[in-house]
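The numbering used here puts the first residue of the sequence shown at 6, with every later residue one more than the last. I have placed the structure first, in the form of structure tokens, so that the comments after it can refer back to it.
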Amino acid sequence: MNNYEHTLIAKIDLTPDAFDKLIEKYSNIISENDGKIVNLEKWGVMSFANKIKQYKKGNYLHVKFEGSGKIIDKLEKTEKIDNSVLRFLTVKVKKFDLENLYFNEKKE
6 MNNYEHTLIA KIDLTPDAFD KLIEKYSNII SENDGKIVNL EKWGVMSFAN KIKQYKKGNY
66 LHVKFEGSGK IIDKLEKTEK IDNSVLRFLT VKVKKFDLEN LYFNEKKE
């Protein structure tokens with residue numbers, strides 16, 4: 006099993022319930038494909054340096070998980086067609102950094 010860190014940026018105009026359903030949707034994709042979520046962090050709303058699809062801010066979600074490459078294919082295929090996701094990025098890592106919290110959720 007490989008270690009991955011996956012970050013996605015959702016639209017700012019999602020309701021909290023819709024954002025929670027989005028988290029559940031992508032968590033289920035990882036679980037259904039024999040993956041294991043190690044850590045899930047809501048980074049909250051942050052501003053962009055440049056507009057992305059006419060949005061100046063986005064709602065960030067960061068997931069650390071173990072799994073195979075087929076999970077990445079399923080995640081990215083689903084995110085490409087999901088209208089509520091602005092951007093996503095997956096990085097393969099050797100070891101998870103679970104001690105440091107780089108972003109805390111901020112309320113605006």
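Just so you know, even glycine gets a beta-carbon here, dropped at the ideal spot from N, CA and C.
- One alpha carbon belongs to D25, the other to A15, and they sit about 11 Å apart.
- In this structure, the CA atom of N64 is about 21 Å from the CA atom of V43.
- For G72, the uninterrupted beta strand (DSSP E) segment begins and ends at 60 to 72.
- A direct Cα-Cα distance of roughly 22 Å separates K100 from E81.
- Assignment of F101 by DSSP, reduced to helix, strand and coil, places it in the coil class.
- Of the residues assessed, V90 falls on the buried side of the cut-off, its CB having 16 or more other CB atoms within 10 angstroms.
- A distance below 6 Å between beta-carbons, with the five flanking residues on each side excluded, links L45 to the following residues of its chain, in chain order: V68.
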